[in-house]
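In my numbering, the protein residues as written are 9 to 122. C-beta: ideal position from N, C-alpha, C; glycine also. Below: the structure, in structure tokens.
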DNA sequence: AGAATGACGCTGA
DNA sequence: TTCAGCGCCATTC
């Protein structure tokens, strides 16, 4: 299978999985990686989202780390704060430090077979 | 080719 | 709950 992060369509699979996240819910990088079969490649999921050109139709803002916190980094050139705003717009309370009640809004991914 | 970095995650204290 | 250490692997210099 081409589920490897280095596969040509890896980014597409990431975007497809992220697009499945319902509005007002959250998912973790590891969760997305697990969905596309890239077990243990949570970092690469982050890289895929980083390659997204904003604005994007992909709800990338609904993906946070397992700590339930938005990754604040200067490398994101403010996209981290955009993520915070987008989440607030969906009714998800976000702390000034980017922390949010992940357990409350965690997305329950449906089984692959339906 | 080698070294450093990073939108992560788990374990231990 | 918070902080530190280690493993993970593509990206970047």
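Residue i classed as buried or exposed, judged by whether at least 16 other C-beta atoms fall within 10 angstroms
i	result
residue 49	buried
residue 18	buried
residue 106	buried
residue 35	buried
residue 25	buried
Coarse secondary structure for residue i, derived from DSSP in three states
i	result
residue 104	coil
residue 62	coil
residue 82	helix
residue 15	coil
residue 125	No answer is possible for residue 125: the residues shown for the chain start at 9 and end at 122.
residue 40	helix
residue 20	helix
residue 25	helix
Option nearest residue i by Cα separation, candidates the options
i	options	result
residue 20	33, 101, 40 and 114	40
residue 15	78, 44, 114 and 102	44
residue 115	23, 13 and 29	29
residue 109	86, 96 and 53	96
residue 71	81, 64, 57 and 102	57
residue 112	76, 89 and 59	76
residue 83	55, 73, 46 and 38	55
residue 38	104, 118, 73 and 63	73
Proximity below 8 angstroms, CB of residue i to CB of residue j
i	j	result
residue 91	residue 69	yes
residue 85	residue 31	no
residue 46	residue 13	yes
residue 78	residue 53	no
Opposing strand residues paired with residue i [DSSP bridges]
i	result
residue 77	107
residue 35	71
residue 114	34
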